[in-house]
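Novice:
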Amino acid sequence: MQKENDSRLSAIYETYLSVISPFIIQLEALDGEFPVEILNEIRSIFTHLARCNSTEKEQIYEENIIKAERHVRRAVLDCLKYLCVAYDEYFRRFTKLNRNVDLSFVDNGHFIQKLNSLHNNAVHNKTEAQKKELVAENIEDVFGDYEKAYNSYAEVYNLIQESTESIDFVKHKAATKETINTIFGIVGVVSLILTIIFQFV
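Numbered per the working numbering, the sequence shown finishes at 193, counting up by one with no gaps.
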């Protein structure tokens, strides 16, 4: 029994290090925040682990390791949910920031088409997960759905990140063209003014 419990403890620590911590880093990079709900789950995990460590009674040990495992699962699910929201907000900020940029010039129009398709799919998957959660009896019923939604949003984020150089190039070309047009506009106005002045000289 102790050997089995030791492997379960190792699994908890491994999930924290390889899944929860990287998710938290992503969230902090996107939002600059550490969601309190996830922090509460982590606190609960380590409270139960501490109780496991401080007891010699097998029943108490078993009860607390089960509870710790549940909080681990809940923490991962909360990370998936928050990252869906964070990625969606990132997409909206990107869209707002580039509202005056003709993104159809990026990758010959393939970028904007793929971006909209991926985002629509991500929104659909998140909505489906939320609907299913309303009638789900436990988190395992919706865990796979939120994983799917998260993966969909990650595709949106990754596409934008991978296309940054191309987007910047299009923005630079647009800015250069606008500067040239402004200069020609100013030259035209000055020429018009000088023509009017010389008519009266």
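Note that the Cβ used here is the ideal one computed from N, Cα and C, for glycine as well. Given the structure is predicted, the values throughout are model-derived calculations rather than measurements.
Just the Cα atoms here: how many angstroms apart are LEU75 and LEU89?
Specialist: Roughly 21 Å between the two C-alpha positions.
Novice: Pick out whichever of GLN18, PRO27 and SER158 has its Cα sitting closest to the Cα of PHE97.
Specialist: SER158
Novice: For ARG66, which residues in the same chain have their Cβ closer than 7 Å to its Cβ, ignoring the five residues on either side in sequence?
Specialist: The beta carbon of ARG66 lies closer than 7 Å to those of GLU33 and ILE131 in the same chain, with the five residues before and after it left out.
Novice: What are the uninterrupted segments assigned as alpha helix (DSSP H) that are 4 or more residues long and contained completely in the stretch 51 to 125, given in chain order?
Specialist: Fully enclosed alpha helix (DSSP H) runs of 4 or longer: not present.
Novice: Measuring alpha carbon to alpha carbon, tell me which residue in GLU61, GLN153 and PHE26 is nearest SER(-1).
Specialist: GLU61
Novice: What distance in whole Å lies between the Cβ atoms of VAL68 and THR7, which are believed to be in contact at a cut-off of 8 Å?
Specialist: Contact annotation, THR7 with VAL68: C-beta distance approximately 7 Å; criterion of less than 8 Å satisfied.
Novice: Would you mind giving the Cβ-Cβ distance between TYR149 and ALA121, rounded to the nearest angstrom? I have them listed as a contact below 8 Å.
Specialist: About 18 Å separates the two Cβ atoms, so there is no contact after all.
Novice: Where does ALA141 land, buried or exposed, given buried means 16+ other C-beta within 10 angstroms?
Specialist: Classification for ALA141: buried.
Novice: So, are the CB atoms of LEU110 and SER144 less than 8 Å apart?
Specialist: For the pair LEU110 and SER144, the CB atoms are nearer than the 8 Å cut-off.
Novice: Determine the contact status of ARG35 and ASN56, defining contact as a CB-CB distance below 8 Å.
Specialist: no
Novice: My understanding is that LEU151 touches LYS106, with C-beta atoms under 8 Å, so please give their C-beta distance in whole angstroms.
Specialist: 6 Å
Novice: For ILE4 and GLU81, what's the separation of their Cα atoms in angstroms?
Specialist: 31 Å
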